[in-house]
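Chemist:
Numbering (the numbering used here), first residue to last: 1091 to 1190.
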């Protein structure tokens, strides 16, 4: 994917359910431009090799946090990790897929 405009949503506590479990709602945070690329990561665990598909994002904005949701034109991503130590913020994301 190339540079695109994305919407960032942050989780906000809206209350608790009957089992006293916190309930969160996605609230619009910011609109920004980001470059998103797909990367295959090969892992070996317990002698089994498997490939995991992750997405890497680069942006100038350094206010993103783990747990936020990013929505682009047709896809939705969950932010897993953010590295703000370089000139561009590097974001590791996982694509969210919904069953229909």
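Think of the CB as a built atom: it goes at the ideal place given N, C-alpha and C, for glycine as much as any other residue. Please read all numbers here as calculations on a predicted model, not as lab measurements.
Count the other CB atoms within 10 Å of the CB of residue 1105; is the residue buried (16 or more) or exposed (fewer)?
Modeler: As a first step, residue 1105 is located in the chain shown; it is residue number 15 there, counting from the start. Its Cβ having fewer than 16 others within 10 Å, residue 1105 is exposed.
Chemist: With the cut-off set at 9 Å, would you say residue 1119 and residue 1158 are in Cβ contact?
Modeler: Stepping through the chain shown from its first residue, residue 1119 is reached at position 29. Stepping through the chain shown from its first residue, residue 1158 is reached at position 68. Cβ atoms of residue 1119 and residue 1158: closer than 9 Å.
Chemist: Give me the residue from 1162, 1156, 1132, 1187 with the minimum Cα distance to residue 1092.
Modeler: For the purposes of this step, residue 1092 is taken as residue 2 along the chain shown, with counting starting at 1. Minimum Cα distance to residue 1092 is reached at 1162.
Chemist: Use the C-beta contact count for residue 1137: other C-beta atoms within 10 angstroms, 16 or more gives buried, fewer gives exposed.
Modeler: Taking the first residue of the chain shown as position 1, residue 1137 is located at position 47. Flag for residue 1137 reads exposed.
Chemist: Could you name the residues of the same chain whose beta carbon sits closer than 8 Å to that of residue 1197, not counting the 5 residues immediately before and after it, in chain order?
Modeler: Summary: the structure shown does not reach residue 1197, with the chain confined to residues 1091 through 1190, and so no result is reported for it.
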